[in-house]
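To keep things clear, I will list the structure first and then write my remarks on it.
2 protein chains.
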Amino acid sequence: MTGAAGRATRADGDVGASARATAAPGADAAAGAAMRVAIVGAGAVGCYYGGMLARAGVPVTLVGRPQHVQAIQRDGLRITTASFDEQVRVQASTDPAAVAGAALVLVCVKSPDTEVTGRELAPHLAPGARVLSLQNGVDNAARLQAVLGRPVAPAVVYVASEMGGAGHVRHMGRGELVIPSDIGTASSTRVAESADGAIGAPANAAAALDATRAPVPPADAGLASADVVALFARAGVPVELSDNVLGALWGKLLLNCGYNAISAITDLPYGRMAALPGVARTVHEAVVECLAVAAAMGVDIPGDVWAAVDRIAVSMPGQVSSTCQDLRRGKPTEIDHLNGYVVREGDRLGIPVPLNRALHALVKALEAKAAA
Amino acid sequence: MTGAAGRATRADGDVGASARATAAPGADAAAGAAMRVAIVGAGAVGCYYGGMLARAGVPVTLVGRPQHVQAIQRDGLRITTASFDEQVRVQASTDPAAVAGAALVLVCVKSPDTEVTGRELAPHLAPGARVLSLQNGVDNAARLQAVLGRPVAPAVVYVASEMGGAGHVRHMGRGELVIPSDIGTASSTRVAESADGAIGAPANAAAALDATRAPVPPADAGLASADVVALFARAGVPVELSDNVLGALWGKLLLNCGYNAISAITDLPYGRMAALPGVARTVHEAVVECLAVAAAMGVDIPGDVWAAVDRIAVSMPGQVSSTCQDLRRGKPTEIDHLNGYVVREGDRLGIPVPLNRALHALVKALEAKAAA
Chain A
1 MTGAAGRATR
11 ADGDVGASAR
21 ATAAPGADAA
31 AGAAMRVAIV
41 GAGAVGCYYG
51 GMLARAGVPV
61 TLVGRPQHVQ
71 AIQRDGLRIT
81 TASFDEQVRV
91 QASTDPAAVA
101 GAALVLVCVK
111 SPDTEVTGRE
121 LAPHLAPGAR
131 VLSLQNGVDN
141 AARLQAVLGR
151 PVAPAVVYVA
161 SEMGGAGHVR
171 HMGRGELVIP
181 SDIGTASSTR
191 VAESADGAIG
201 APANAAAALD
211 ATRAPVPPAD
221 AGLASADVVA
231 LFARAGVPVE
241 LSDNVLGALW
251 GKLLLNCGYN
261 AISAITDLPY
271 GRMAALPGVA
281 RTVHEAVVEC
291 LAVAAAMGVD
301 IPGDVWAAVD
311 RIAVSMPGQV
321 SSTCQDLRRG
331 KPTEIDHLNG
341 YVVREGDRLG
351 IPVPLNRALH
361 ALVKALEAKA
371 AA
Chain B
1001 MTGAAGRATR
1011 ADGDVGASAR
1021 ATAAPGADAA
1031 AGAAMRVAIV
1041 GAGAVGCYYG
1051 GMLARAGVPV
1061 TLVGRPQHVQ
1071 AIQRDGLRIT
1081 TASFDEQVRV
1091 QASTDPAAVA
1101 GAALVLVCVK
1111 SPDTEVTGRE
1121 LAPHLAPGAR
1131 VLSLQNGVDN
1141 AARLQAVLGR
1151 PVAPAVVYVA
1161 SEMGGAGHVR
1171 HMGRGELVIP
1181 SDIGTASSTR
1191 VAESADGAIG
1201 APANAAAALD
1211 ATRAPVPPAD
1221 AGLASADVVA
1231 LFARAGVPVE
1241 LSDNVLGALW
1251 GKLLLNCGYN
1261 AISAITDLPY
1271 GRMAALPGVA
1281 RTVHEAVVEC
1291 LAVAAAMGVD
1301 IPGDVWAAVD
1311 RIAVSMPGQV
1321 SSTCQDLRRG
1331 KPTEIDHLNG
1341 YVVREGDRLG
1351 IPVPLNRALH
1361 ALVKALEAKA
1371 AA
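Note that the protein sequences, when read in sequence, are chains A and B. At position 298 of the first sequence the residue is numbered 298 (our numbering), and the sequence of numbers has no breaks. So the mapping is simple: our numbering equals the position in the second sequence, first residue as 1, plus 1000.
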């Protein structure tokens, strides 16, 4: 499920690109066409962003499972959107070593696969490679960072897309990203301590976007936030910079905790699900528990939470949750990193989370049955 | 699901029968063989108790749906237990008017059918007929009483039985009943006010069972509690008298609220269900909400609640809940009268019941899908 929080995007790609004219190694590449982007995880998120970048002429390597990789190698990556339906040429590989030359690595695997993916990638990442986590949940960047021993920046992904078959991604709506305004500095993730993260002066969003000022250089070699903005701007993908990505991730987590499990348990899309007696209130009560945990963790969630919660059923009435889709396919869900995460943190902090525990336990039960 | 609370039964049938030698009209019949018992609802509970009474020579009329009635009229009622497997001759009818001559009417329909059943029975009940509700939930006697305009006594049913096919009931364990020590007096149900209930001196269990004393006569004509004990004793069915049947009904309700919905949602028997991570704690947390509602209602639940809760998964590991069975068959469940009842009362009294609300809402969603 994607978040529904409406937000103004500030994707002034040209500005970002020119602002980096004198900066870190990746900047030169960003200005030209040579900088390679590796996408790890060729699912609905990875294929959408990888495909959009490749379509704009950015060299892209997709690393994924054989099913999609073989189709992409043979026919290209098919992207279907409201405005076009194209086969896009993209390098694709099942080998994690294919990330070797990339200046930017977008990790788009499912939350349960984060650690395994990190261990596979670690030996192959270029020294200056910038790693971004485009995943659900709030702790993937921290978990990946712990495995990689280098900074990983979280991104909040607002896109509705799905795989329509092998090597075929279908875009249903939105597509914007929110990333930290200071990627490359230790403070950028705010979600974990990294022993290797050098502390630098954080570049704020305004500075990064102000072409008349020299940007504050990141603390390590590699792309800065504005470079990422510029890169995606070439592909028409809006990227917002934020000093509170963790809060935005939590904003999405709340929605996921409220809707995903119930959609999965009832096997119903959001609209029909929310119209059933007691369900909307249960969604609210699950979110209330999440907010209590977030407050205890000191997380400040931006925007109008309740408006966002209520909007889901209205804006995506026909959509079933990703958790529901996973159960239907007999695949592992991300529920351990959605309601399950809230339960673990709630228990750790002494915040009651009975409803999230129940939703988590019920989905786990159905997951075990679906896999059996 | 049946309750698992172990309890000493006091089924001194002879005592009860002799104690009634000079009393109300039903008493003479109880001493002989002519008193007729009507069972309304030919499901697993109705067929078990009706069959046991008929097997002991008590004249029994079963009122039920055509499927079972036709089989019983043709072949008798088949009762399979650990100790015997017999075809028992029982009168059976689909017509509610068949209750006309009965001195005792045992209502064994599912909770959602209580009002409809009451309206069908009302014109046909004999003036002195004693009505007992052998149903799940805690408010069926009160609801039936409101429709009938006469006292209805609640019974707590502890039996594991199921229909094995048309006209075939299978007994898996237990079978005892708990009824009020003072049926026939307005105070017997304690669960609702009845405008028609005459106020009499309540007969307590000790008095009813003490053959050396004249029993306190009930306030209206009809069987007294001890007569019911005596009647069932002929069939080897233990009946305990209690001054706190409502508390015992709540004791069963707690178990139902903890287990039924989760077994139904996961489609799992109690043993496998309770072994899953988070489930046992969720069961406990649902029961905690129920206990808060019971406390606010002034209900005193007898026995060790938590021992009873934990025993279910151990004593009935292979059993799925009745709610689960109903969903599997696409039939309406009783969930509105289990978790749904707790939610309504919790909301009325201002007691938070988020977990019971969620479990109720999820089962209702699955019920709607199963029926579709």
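We put the CB at the ideal spot given by N, CA and C, even for glycine.
Residue from P59/A, V320/A and V90/A with nearest C-alpha to R74/A: V90/A
CA-to-CA distance, M1035/B to L268/A, given in whole angstroms: 53 Å
Interface residues of chain A facing R1357/B [CB-CB closer than 8 Å]: G278, R281, T282 and E285
Collapsed DSSP secondary structure at Q1135/B in the structure displayed: coil
Beta-carbon proximity of G175/A to P151/A, cut-off 9 Å: no
Alpha helix (DSSP H) runs wholly inside the segment 1238-1315 of chain B, at least 4 long, in chain order: 1245-1266, 1270-1275, 1279-1296 and 1305-1315
Element boundaries [beta strand (DSSP E), containing L106/A]: L104 to V107
Buried or exposed by the 16-neighbour rule on C-beta atoms within 10 Å, applied to A230/A: buried
Chain-ordered chain B contacts of H337/A [CB-CB under 9 Å]: The premise fails here: H337/A is roughly 15 Å from chain B at the closest Cβ pair, so nothing lies under 9 Å.
C-beta neighbour in chain A for A1354/B, strict 9 Å: According to the sequence provided, residue 1354/B is Pro. The question's Ala does not apply to it. Cβ-Cβ to chain A under 9 Å: yes for P1354/B.
Endpoints, the alpha helix (DSSP H) within which I39/A is located: Looking at the DSSP string, I39/A is not in any alpha helix (DSSP H); the run it does join, the beta strand (DSSP E), is V37 to V40.
Test: D1095/B CB closer than 9 Å to a CB of chain A: no
Boundaries (first-last residue) of the beta strand (DSSP E) holding D1085/B: D1085 to V1088
G46/A beta carbon near the ligand FAD (any heavy atom closer than 8 Å): Ligands are entirely absent from the displayed structure, and the ligand FAD is therefore not among its contents.
Interface flag, A368/A vs chain B, CB-CB below 9 Å: yes
Below-9 Å beta-carbon distance, T61/A vs any chain B residue: no
9 Å Cβ cutoff, M1052/B in contact with chain A: no
Same chain, Cβ closer than 7 Å to R143/A, neighbours up to 5 away in sequence not counted: T114 and E115
Per-residue DSSP class, three states only, for P1317/B: coil
Partner residues on chain B for L268/A, Cβ-Cβ distance less than 9 Å: A1365 and K1369
Any chain B beta carbon closer than 9 Å to S124/A: The sequence shown places His at residue 124/A, rather than the Ser named in the question. It does not: the Cβ of H124/A has no partner Cβ on chain B nearer than 9 Å.
Residue from A371/A, A370/A and G101/A whose Cα sits closest to the Cα of G222/A: G101/A
Nearest-angstrom Cα separation, counted from R1119/B out to V320/A: 43 Å
Element boundaries [alpha helix (DSSP H), containing L1355/B]: P1354 to A1371
Buried versus exposed, by CB contacts within 10 Å (16 or more), L349/A: exposed
Identity of the residues DSSP links to T81/A by a beta bridge: Paired residue(s): none; T81/A is not in a bridge.
Beta-carbon contacts of A368/A that lie in its chain and below 8 Å, excluding the five residues immediately before and after: none
Buried or exposed by the 16-neighbour rule on C-beta atoms within 10 Å, applied to A1372/B: exposed
Distance between A370/A and G330/A (C-alpha atoms, nearest Å): 5 Å
is_contact[M1316/B, chain A] using C-beta, thresh 9 Å: no
Residues within the segment 241-271 of chain A neighbouring chain B, beta-carbon criterion of under 9 Å: I262, I265, T266, D267 and L268
Own chain, CB closer than 6 Å to V131/A, minus 5 neighbours either side, in chain order: V105 and V152
Extent of the continuous beta strand (DSSP E) to which T61/A belongs: V60 to V63
Environment of W1373/B [buried if 16+ CB atoms lie within 10 Å]: For chain B, the structure presents residues 1001 to 1372; residue 1373/B sits outside this window and is missing.
Local Cβ density within 10 Å of G346/A, reported as buried at 16 or more and exposed below that: buried
CB of D1182/B within 9 Å of CB of G1247/B, strictly: no
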